[in-house]
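What follows is a set of notes on a single structure, which appears directly below.
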Amino acid sequence: MVNTEHLIICEHCDCVYEKVVLGKHQKTLCVRCGGVLQRFNGLTIEQRLALTFTAAMLWLFANFYPVMSISLKGMKNSATLWDSVLALSQGPITFIAMVAAIAIIIAPAFQLVLLIWVLSFALGLRRAPGFNLCMRWLETLRPWSMLEVCLLGAMVAVFKLAGLLDVLPGIGLFALAVLSLMMIRIAGRDIRELWDIL
Amino acid sequence: MKRPPTASELNLCLCHSCGLACDMTDEPHECPRCDAPLHRRKTNSLTRTWAYMLAALAFYIPANLLPVMNTVMLGNGADSTIMSGVLEFWEAGAWDIALIIFIASIAVPGVKFVALTLLLVTVQRNSDWARRERSKLYRFVELIGYWSMLDVLVVALVAALVKFQALGDIEPRPGILFFGLVVVFTMLAAMSFDPRLIWDKDTSDTVSDAASGAAPATDGAAPDPTGA
Chain P
1 MVNTEHLIIC EHCDCVYEKV VLGKHQKTLC VRCGGVLQRF NGLTIEQRLA LTFTAAMLWL
61 FANFYPVMSI SLKGMKNSAT LWDSVLALSQ GPITFIAMVA AIAIIIAPAF QLVLLIWVLS
121 FALGLRRAPG FNLCMRWLET LRPWSMLEVC LLGAMVAVFK LAGLLDVLPG IGLFALAVLS
181 LMMIRIAGRD IRELWDIL
Chain E
199 MKRPPTASEL NLCLCHSCGL ACDMTDEPHE CPRCDAPLHR RKTNSLTRTW AYMLAALAFY
259 IPANLLPVMN TVMLGNGADS TIMSGVLEFW EAGAWDIALI IFIASIAVPG VKFVALTLLL
319 VTVQRNSDWA RRERSKLYRF VELIGYWSML DVLVVALVAA LVKFQALGDI EPRPGILFFG
379 LVVVFTMLAA MSFDPRLIWD KDTSDTVSDA ASGAAPATDG AAPDPTGA
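Taken in order, these protein sequences are the chains called P and E. Read in my numbering, the first sequence has 134 at position 134, and its numbers run on one by one without any break. Going from the second sequence to my numbering is simple: count from 1 and add 198.
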């Protein structure tokens, strides 16, 4: 078996390169197709784990506090993320409720649990039990986690309802805003570096 | 133009899960590092992409024609489709919100259909036209993929909030199911497409490293680090 760990293959055109050490804000591009090969990763394991715990707390806030509340002629109502999933689940369209639940609740939750598991062991420079499986799931879940879309959706919903009745953004919305930005940073492609470190 | 050697020339294969360059001399079926299945190219890439995309295209019609939600305000009920929601914002003067919904719900799926068809047809014709730009186009399709879920989530939130019986009530309608299916199927289509197929019949370029047949451990050109 030849050692190939220092090589990097462009996923867009199959060109083979040698890995290089990057400085701050640097990235490497494929000369043939222009795709990104490597990007500088500024997070240490400790920092990423700390951010993951913060994100997990925010996930709790985003899920257990109402995203927004409305009032109409003295009547009040508020909705959490789970309430909006349930609103879709009635009638013949239940399937889309499942997709929405995965996109805004389940996938981010699994990503956070897997990250905490993998990173806690990585702190001691050890591979967590089931490391391979966890890392593969983190790759699979990434495209289906849509918190940033949910954030934009919540803001559109505020505008949509503001013309009809009084809308008040809730704690859940602020938690969602910060959480969606943090997920981009901590659950991105650069967690693959754990394969090289551990 | 000079290019580095490709993985197939060096008998390597990229693991899509962990990014390892796997040595293919023993024809392993799984990545030695992460156990994910190895494929030199995504399995049946063109057929699967066509199938997912045509399914999405079929769902796109009811998604736009059927109402996505029903609004009852002070006793008056009305169904609204995606397009009527956009027009409502536009007429109310909220052109920015109208634009966001129009881009996410109508333009993004439309662009994806056109772009994926273009990519599929050019790959099937072994075209050498604008390879670099087509690669960029694919990355763009991947990037915009899930933003079309916007309308599904808006309807979900709005329907969960407005529950005041006769005074005001909003309910989702079947259009939103088809709309969600369009998003899921276009995402699956984009994931099944293998962008390396764009470059596979690339004969115009010369390999920059003369020793391309040598052992992978000593091969490969160093990429240029460029400031972001």
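We put the beta carbon where it would ideally sit given N, CA and C, even for glycine. Note that the structure is predicted; figures quoted are calculated from it, not measured.
- Under the 9 Å criterion on CB atoms, P/S84 is classed as interfacial with respect to chain E.
- Note on geometry: alpha-carbon atoms of E/F311 and E/A254 lie some 9 Å from one another.
- The distance from the Cβ of P/T80 to that of P/G172 is about 6 Å, consistent with a contact at the 8 Å cut-off.
- For P/Y65, the closest Cβ of chain E is not nearer than 9 Å.
- Of all residues in the segment 142-153 of chain P, those with a C-beta nearer than 7 Å to a C-beta of chain E are P143, M146, V149, C150, L152 and G153, reading in chain order.
- Linking E/V284 to E/I374 through their CA atoms gives a straight-line distance of about 15 Å.
- Within the DSSP secondary-structure output, P/P169 pairs in a beta bridge with P/M68.
- Cα atoms of E/S243 and E/D392: separation of roughly 6 Å, rounded to the nearest angstrom.
- Partner residues in the beta bridge of E/L212, as assigned by DSSP, are E/A219.
- Excluding its 5 nearest sequence neighbours in each direction, P/F40 has C-beta neighbours in its own chain below 8 Å: L22, G23, K24, H25, Q26 and K27, listed in chain order.
- Contact with chain E is found for P/P92, since one of that chain's Cβ atoms lies less than 9 Å from the residue's Cβ.
- Annotation for E/I368: no alpha helix (DSSP H) segment contains it, though the beta strand (DSSP E) segment containing it runs G366 to P370.
- For P/K76, no alpha helix (DSSP H) segment is defined; the enclosing uninterrupted segment is the beta strand (DSSP E) at M75 to A79.
- In this structure, the alpha-carbon of E/S206 lies about 18 Å from that of E/C216.
- In chain E, no part has a C-beta under 8 Å from the C-beta of P/W117; the shortest such distance is about 16 Å.
- Comparing alpha carbon positions, the residue from E/I298, E/I396, E/N209 and E/G273 closest to E/F362 is E/G273.
- In this structure, the alpha-carbon of P/I96 lies about 36 Å from that of P/Q38.
- Here the alpha carbons of P/L133 and P/L72 stand approximately 49 Å from one another.
- Nearest to E/M281 by alpha-carbon distance, out of E/P260, E/A219 and E/L314, is E/P260.
- The beta-carbon of E/H237 is placed no less than 9 Å from the nearest beta-carbon of chain P.
- Contact holds between the segment 51-62 of chain P and the segment 179-189 of chain P, because three or more Cβ pairs, one in each stretch, are under 8 Å apart.
- Residue range W293 to F300 is occupied by the alpha helix (DSSP H) that includes E/I295.
- Proximity of E/L252 to chain P, defined by a Cβ-Cβ separation below 9 Å, is not satisfied.
- In the three-state reduction of the DSSP assignment, P/E11 falls in the coil class.
- Taking a C-beta cut-off of 9 Å against chain P, the contacting residues of the segment 214-225 of chain E are H214, S215, C216, G217, L218, A219, C220, D221, T223 and D224, listed in chain order.
- Here the segment 368-383 of chain E makes contact with the segment 83-94 of chain P; the two share three or more CB pairs at distances below 8 Å.
- Closest in alpha carbon position to E/S303, among E/R330, E/V350, E/K399 and E/A328, is E/V350.
- The C-alpha of P/M75 lies about 59 Å from the C-alpha of E/E228.
- Linking E/P226 to P/S120 through their CA atoms gives a straight-line distance of about 31 Å.
- In the DSSP assignment, E/T204 forms a beta bridge with P/C15.
- For P/A128, the closest alpha carbon among the candidates P/Q47, P/W195, P/T4 and P/C10 is that of P/W195.
- Not a single CB atom of chain P sits nearer than 9 Å to the CB of E/I259.
- Look at the segment 355-369 of chain E: the residues with a C-beta under 9 Å from a C-beta of chain P are L355, V356, A357, A358, L359, V360, K361, F362, L365, G366, I368 and E369.
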